[in-house]
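Q: The number in the numbering used here is simply the position in the sequence shown, starting from 1, with 1 added.
Cβ coordinates follow ideal geometry from the N, Cα and C atoms, glycine included.
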Amino acid sequence: MNQKRHNSDVDDVENPRTERKITGKDLKWDEEFRIQISTLVELLDEKGIINKKEYRRIVSMRLHETSKALAFEEIDEEI
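(1) When you compare the CB positions of Ile51 and Leu44, do they come within less than 7 Å of one another, or not?
(2) Any idea if Val11 is buried or exposed, counting beta-carbon neighbours within 10 angstroms, 16 or more meaning buried?
(3) Do Val60 and Lys53 count as a contact pair if the criterion is CB distance below 7 Å?
(4) So, at 7 Å on beta carbons, what are the nonlocal neighbours of Tyr56 in its own chain, with the 5 sequence-adjacent residues on each side left out?
(5) From Glu78 to Ile36, what distance separates their C-alpha atoms?
(6) Does Thr134 come out as helix, strand or coil in the three-state DSSP assignment?
(7) My output table needs one value for Ile76: the three-state DSSP class, helix, strand or coil.
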């Protein structure tokens with residue numbers, strides 16, 4: 002019996018808004034994205050796949066690097 006299994010969870014992972022009933026205020030895309038990322042990090046940390054503290058340290062470093070690079074670009078454009 003080679004039947005294809007339909008995985009209904011796939012739709013929810015790719016587009017989590019498809020099947021849920023919204024009972025509160027709609028979130029902005031960046032708020033929803035932030036929540037999704039933090040939830041993913043929590044799950045990966047709980048499973049021992051990543052270290053949450055190390056992840057936050059690296060993200061903080063990258064944000065700082067990006068911020069500095071953008072500031073230098075802005076200064077360079079002014080010159």
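A: On the basis of the supplied data:
(1) no
(2) A caution first: Val11 carries a pLDDT of 49, below 50, which makes its placement in the model unreliable, though a value can still be read off. The residue in question, Val11, is exposed, as its Cβ has fewer than 16 Cβ neighbours within 10 Å.
(3) no
(4) Val42
(5) 35 Å
(6) Because the chain in this structure spans residues 2 to 80, residue 134 falls outside the shown range and cannot be described.
(7) helix
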